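**Q** As you go down the protein sequences, you meet chains S and Z in turn. Under numbering that gives the first Met the number 0, the first residue of the first sequence is numbered 0, with each subsequent residue one higher. Under numbering that gives the first Met the number 0, the first residue of the second sequence is numbered 0, with each subsequent residue one higher.
There are 2 protein chains.
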Amino acid sequence: MKSIRHDLVELLHKGYCTPRIVDIAKKLKEPSTTIHYNIKQLEKEKTIRAYKAVFDYKAIDEGLCNYVLINLAPDEYGNPERVGKELRAYPQVESIDIITGGWEMIIKLRTKDMDEYYQFVKNVLSKKGIVKTTSLTSLKQLKTEFVELQE
Amino acid sequence: MKSIRHDLVELLHKGYCTPRIVDIAKKLKEPSTTIHYNIKQLEKEKTIRAYKAVFDYKAIDEGLCNYVLINLAPDEYGNPERVGKELRAYPQVESIDIITGGWEMIIKLRTKDMDEYYQFVKNVLSKKGIVKTTSLTSLKQLKTEFVELQE
DNA sequence: CATAATACTTGAATATTATTCAATATTTAT
DNA sequence: ATAAATATTGAATAATATTCAAGTATTATG
C-alpha cells in the first residue's frame, strides 16, 4: 500500500513549492509582472535556494528534536567539512554548521522518538571522526525556520 | 526609493509560497487532483504550517549566523516560554528551543555582520531574565532548513 | 555632460496550473 | 454485512504564471 502523504511530506521537505506571485503583488501593490521579474532575478542569481514547506513535525513523526554539539578527533580538525558532508545526506538532519567555541560542529536532528535518535547517535554519530557528542534535547519549540509555532 | 527585492525577501522568509501540484503529481505518477486533495488535507489539519523560501543568506545581508546558548535567571526557570515568546518576534531569530542540559534555551540568529549581532546581544539578549549567553558562531553552513548548500 | 548600453517596469495576450464538481471507489465504523 | 465516512479521479472552469514587446529608468562611458 503506497502512502501519498508520506511521499508528499518527503518532497515538500526540501522543495517542490513556488512563490504566490499574485498574492505578493497584491500585498506589495505592484504589478504581478514586476514581481515575477524580480523573483526570477533572485532565483537566477541563486539568492533564493529553494521553496519548501514547514511542518508540524510531531504530526509527521519527527516529534523529537535534538541539537548535537560535536567534538571531532584531532586528525579531523583540518577538514570538518568532510564529516559534515557525510552527515548532511541523512534526512533526519535539518542543519549542520561548523562552529567556533568548545565544539567543532553543531547539528540539528529531527527523529520520531528516542529510539530513532539513539539509533542515529549509535550508528551514524559514533563513526566518522567524531569523538564526543553533547545532546541538547528540545523540550518545546517556539520558532523554527523563521516560522512561529502555535499560540 | 522603494526596494522590491527587500520586500520580497521579507515576505518569502515566512510564507507566500505554495506547492507545485502538477510537478508533484508528475513526480509521484498520480493524478493532480489526488495530490491537490491530499495537500489540502495536510493544510487543513495544520500538518503543514507554511510554505517559504530558503535563501543564500549572505546574499540578503544575513551572512552571520550564531547559535546562542542561554542561561535564564533562577526566577525565570518556571516559565522560559515567556522569554522565548518575547524573542521570537525579532526577524533575526530563525529558531528558538527550550532545552535540557546546561542551558535553558538555544536560539539561532542571523545578522548582517558582527555589528548587528553585537547590537542584538547588547539590546535584546541582555534584558529579559537572561543571565548568561554562550555564542557559537557558524564558520560554514553545510545544510540549513533541510536544504543542502553549495558543492 | 551627453549619449549609449543595460537593467527594470508594465499591460496585454497566451500558456499553464489550481480548483471545483460530481461520480465512483475504497476504507472504516457499527 | 451494511452503512457511513474518506479518498480517488476525469472533465470543466477559474485563477495564475509566463511571455512578449514597448516604454522607462538607471548606469556606464567617452
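The beta-carbon is built from N, C-alpha and C at its ideal position, and this holds for glycine as well. Keep in mind it's a predicted model, so treat the numbers as computed, not measured.
Could you tell me which residues DSSP pairs with T99 of chain S in its beta bridges?
**A** Secondary-structure assignment with DSSP links T99 of chain S through no beta bridge to anything.
**Q** For I98 of chain S, collect the residues of the same chain with a Cβ closer than 8 angstroms to its Cβ; drop the 5 residues on either side in sequence, then sort them by chain order.
**A** M104 and I105
**Q** Please name the residue, chosen from S:I34, S:L11 and S:C16, that lies closest to L7 of chain Z on a Cα-to-Cα basis.
**A** S:I34
**Q** By how many angstroms is the C-alpha of Y117 of chain S removed from the C-alpha of K126 of chain S?
**A** 14 angstroms
**Q** If we cut at 9 angstroms on Cβ distances, does I47 of chain S have a partner in chain Z?
**A** yes
**Q** Does the beta-carbon distance from K131 of chain S to I69 of chain S come in below 9 angstroms?
**A** yes
**Q** Jot down the residue ranges of each uninterrupted beta strand (DSSP E) in the region 89 to 146 of chain Z, minimum 3 residues, whole runs only, in chain order.
**A** 92 to 98, 104 to 110 and 129 to 143
**Q** Please report the residue range of the alpha helix (DSSP H) in which T17 of chain S lies.
**A** Element bounds for T17 of chain S: not the alpha helix (DSSP H) but the beta strand (DSSP E), C16 to P18.
**Q** Return yes when the C-beta of K39 of chain Z is under 8 angstroms from any heavy atom of the ligand ZN, and no when it is not.
**A** Although the ligand ZN was asked about, the structure shown includes no ligands whatsoever.
**Q** Check whether the Cβ atoms of G90 of chain S and E9 of chain S lie closer than 9 angstroms to each other.
**A** Checking the displayed sequence, the identity of residue 90 of chain S turns out to be Pro instead of Gly. A Cβ-Cβ contact shorter than 9 angstroms links P90 of chain S with E9 of chain S.
**Q** Alpha carbon to alpha carbon, how far is F145 of chain Z from I3 of chain S? Give it in angstroms, no decimals.
**A** Looking at the two C-alpha atoms, the distance is approximately 20 angstroms.
**Q** Which residue's Cα is closest to the Cα of E85 of chain S: Z:S94, Z:E115, Z:V53 and Z:E147?
**A** Z:E147
**Q** From this set, S:N65, S:Q40 and S:K26, which residue's C-alpha is nearest K111 of chain S's C-alpha?
**A** That would be S:N65, whose Cα lies nearest to the Cα of K111 of chain S.
**Q** Whole beta strand (DSSP E) runs in the region 17 to 79 of chain S with 3 or more residues, listed along the chain?
**A** For the region 17 to 79 of chain S, whole beta strand (DSSP E) runs of length 3 or above, ordered along the chain, are 47 to 54 and 63 to 71.
**Q** Straight-line CA distance for M0 of chain Z to Q140 of chain S?
**A** With a pLDDT of 48 at M0 of chain Z, under the threshold of 50, the modelled position of that residue is not reliable, and the figure given next carries that caveat. Between M0 of chain Z and Q140 of chain S, the C-alpha separation is close to 38 angstroms.
**Q** Below 9 angstroms between beta carbons: does that hold for I129 of chain S and A72 of chain S?
**A** yes
**Q** Using a 10 Å radius around the Cβ and a threshold of 16 neighbouring Cβ atoms, would you call R109 of chain S buried or exposed?
**A** buried
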